[in-house]
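Peer 1: Pasting a structure below so you can have a look.
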Amino acid sequence: MKIIMLGAPGAGKGTQARMMTEKYEIPQISTGDIFRENIRNQTELGKKAKSYIDQGLLVPDELTLDLVLDRLSGEDCKDGYILDGFPRTIPQAEALTAALEEKGEKIDFAIDVEVPDDNIVQRMSGRRVCPKCGATYHIRYNMPEKEGLCDECGTELIQREDDSPKTVQKRLVVYHEQTQPLIDYYRRKGCLYAVDGTRSTDEVFQEICSVFG
Ligand code: ADP
Ligand code: ADP
Ligand code: ZN
Numbered sequence: 291m292k293i294i295m296l297g298a299p300g301a302g303k304g305t306q307a308r309m310m311t312e313k314y315e316i317p318q319i320s321t322g323d324i325f326r327e328n329i330r331n332q333t334e335l336g337k338k339a340k341s342y343i344d345q346g347l348l349v350p351d352e353l354t355l356d357l358v359l360d361r362l363s364g365e366d367c368k369d370g371y372i373l374d375g376f377p378r379t380i381p382q383a384e385a386l387t388a389a390l391e392e393k394g395e396k397i398d399f400a401i402d403v404e405v406p407d408d409n410i411v412q413r414m415s416g417r418r419v420c421p422k423c424g425a426t427y428h429i430r431y432n433m434p435e436k437e438g439l440c441d442e443c444g445t446e447l448i449q450r451e452d453d454s455p456k457t458v459q460k461r462l463v464v465y466h467e468q469t470q471p472l473i474d475y476y477r478r479k480g481c482l483y484a485v486d487g488t489r490s491t492d493e494v495f496q497e498i499c500s501v502f503g
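The sequence shown stops at residue 503 when you use my numbering, and every number in between is there.
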């Protein structure tokens, strides 16, 4: 099963992808997580990516594509994967389609998690993340068992710098301009499924699972 998670920043892609990895036992590949790991480790890629991420802009395709295509050739991706945060531009989608076609493969499901912009800004201001394992929480909707600490690994949770209201607004503009066109792209390919992302995490998950049948 090869799955793409589409939707605005903060729509709940990562939250759902994480739930799906457990149920379907396929890896979640999050380009945002990969970039943040590179920033933490101060790699060349991390240094380049940081300036874009901090401004709420997309990291250029040439820094993103090889990284993802290389990751997809990993042994653990043999039975499928969930792409969370990639593709985000039409050129990225086209490169992915071409790379898959070369192997006689295709994306099976593109799940669009629909959430209006107003809800997004509210969600993002309460998002807290674990800098160590990447788990995501919300101060109201998805609280950790112990306040401020990751359930999975006990690390102190942080607020992402790019989750400030100003940067979120910028990311939403970038989303509508560069990423939203992917919805039509995958609709034309016949694999687009829209789900209502404003419902509770469990309800959204149920709807996604019902898409897979
Ligand atoms: P969110 O989950 O809030 O949508 P991500 O963690 O997916 O955010 O991404 C954080 C930032 O990393 C993005 O704002 C963007 O700068 C960069 N990024 C992630 N994935 C991509 C991608 N496929 N192409 C370009 N930039 C990306
Ligand atoms: P994305 O990966 O699309 O950027 P996340 O999965 O990180 O989005 O979710 C953004 C924020 O919203 C997080 O704080 C998360 O805990 C919270 N969240 C996710 N799904 C829901 C939901 N269905 N209802 C309320 N809050 C949610
Ligand atoms: Zn953790």
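Backbone N, C-alpha and C fix where the C-beta goes; we use that ideal spot for every residue, glycine too.
#1: Rank Glu395, Leu447 and Arg430 by C-alpha distance to the C-alpha of Gly268 and give the top, closest one.
#2: Residues near ligand 3, CB to any non-hydrogen atom under 6 Å, in chain order?
#3: Determine the DSSP secondary structure at Asp356, reduced to helix, strand or coil.
#4: Do you know how far the Cα of Gly424 is from the Cα of Asp323?
#5: Can you check DSSP and say which residues form a bridge with Lys292?
#6: Taking Lys479 and Thr445 to be in contact with their CB atoms under 8 Å, please state how far apart those CB atoms are, rounded to whole angstroms.
#7: According to DSSP, is Thr488 helix, strand or coil?
#8: Identify the continuous alpha helix (DSSP H) that holds Phe376 and give its terminal residues.
#9: May I ask you to check if the CB of Met414 is nearer than 8 Å to at least one heavy atom of ligand 1?
#10: Taking 9 Å as the threshold (C-beta atoms), are Phe376 and Val405 in contact?
#11: Would you decide whether Arg417 is buried or exposed? Buried here means 16 or more other CB atoms lie within 10 Å of its CB.
#12: Measure from the alpha carbon of Gly336 to the alpha carbon of each residue in Phe399, Gln345, Leu482 and Leu353, then state which is nearest.
#13: Where does the unbroken alpha helix (DSSP H) through Thr457 begin, and where does it stop?
#14: Suppose the cutoff is 7 Å on Cβ atoms and the five residues either side in sequence are ignored; what does the same chain contact list for Phe495 look like?
#15: Going by other Cβ atoms of all chains shown within 10 Å of its Cβ, with 16 needed for buried, is Cys443 buried or exposed?
#16: Check whether the Cβ of Leu472 sits closer than 8 Å to any heavy atom of ligand 1, and report yes or no.
#17: Ala339: beta carbon under 8 Å from a heavy atom of ligand 5?
#18: Given a cut-off of 9 Å, decide if Met295 and Leu373 are closer than it, judged by their beta-carbon atoms.
#19: Between the C-alpha atoms of Val501 and Asp402, what's the straight-line distance to the nearest angstrom?
#20: Could you compute how far the alpha carbon of Ala383 sits from the alpha carbon of His428?
Peer 2: Let's see:
#1: Given a span of 291 to 503 for the chain in the structure shown, any question on residue 268 remains unanswerable.
#2: Cys420, Lys422, Cys423, Ala425, Cys440, Glu442, Cys443 and Thr445
#3: Numbered from 1 along the sequence shown, position 66 holds the residue referred to as residue 356. Helix, per DSSP.
#4: Residue mapping note: residue 323 aligns to position 33 of the sequence shown, counting from 1. Residue mapping note: residue 424 aligns to position 134 of the sequence shown, counting from 1. Distance between the alpha carbons of Asp323 and Gly424: 7 Å.
#5: One-based indexing of the sequence shown puts residue 292 at position 2. DSSP output for Lys292 lists Tyr371 as bridge partner(s).
#6: To locate residue 479, count along the sequence shown from 1; it is residue 189. To locate residue 445, count along the sequence shown from 1; it is residue 155. About 39 Å separates the two Cβ atoms, so there is no contact after all.
#7: On the sequence shown, position 198 is the one that residue 488 refers to. Three-state result, Thr488: coil.
#8: The residue given as residue 376 occupies position 86 in the sequence shown. That residue, Phe376, is in no alpha helix (DSSP H); it is neither H nor E in DSSP.
#9: Within the sequence shown, the letter at position 124 stands for residue 414. True, at least one ligand heavy atom lies under 8 Å from that Cβ.
#10: Numbered from 1 along the sequence shown, position 115 holds the residue referred to as residue 405. Numbered from 1 along the sequence shown, position 86 holds the residue referred to as residue 376. No. Outside cutoff.
#11: The residue labelled residue 417 in the question sits at position 127 within the sequence shown. Buried is the call here.
#12: In the sequence shown, counting from the first residue as 1, residue 336 sits at position 46. The candidate whose alpha carbon is nearest that of Gly336 is Leu353.
#13: As a first step, residue 457 is located in the sequence shown; it is residue number 167 there, counting from the start. Segment Pro455 to Val464, the alpha helix (DSSP H) holding Thr457.
#14: On the sequence shown, position 205 is the one that residue 495 refers to. Excluding positions up to five away in sequence, the list reads Gln306 and Met309.
#15: Residue mapping note: residue 443 aligns to position 153 of the sequence shown, counting from 1. Exposed: under 16 other Cβ atoms inside 10 Å.
#16: Sequence index remark: in the sequence shown, residue 472 carries index 182 (1-based). No, Cβ of Leu472 sits at least 8 Å from all heavy atoms of ligand 1.
#17: Annotation note on ligand 5: not contained in the displayed structure, which lists ligand 1, ligand 2 and ligand 3 as its ligands.
#18: Reading the sequence shown from its first residue, position 83 is the one you call residue 373. Reading the sequence shown from its first residue, position 5 is the one you call residue 295. A contact, by the Cβ cut-off of 9 Å.
#19: Working through the sequence shown from its first residue, we reach residue 501 at position 211. Working through the sequence shown from its first residue, we reach residue 402 at position 112. Taking the straight line from one Cα to the other gives about 11 Å.
#20: The residue you call residue 383 lines up with position 93 of the sequence shown. The residue you call residue 428 lines up with position 138 of the sequence shown. Those two C-alpha atoms are separated by around 30 Å.
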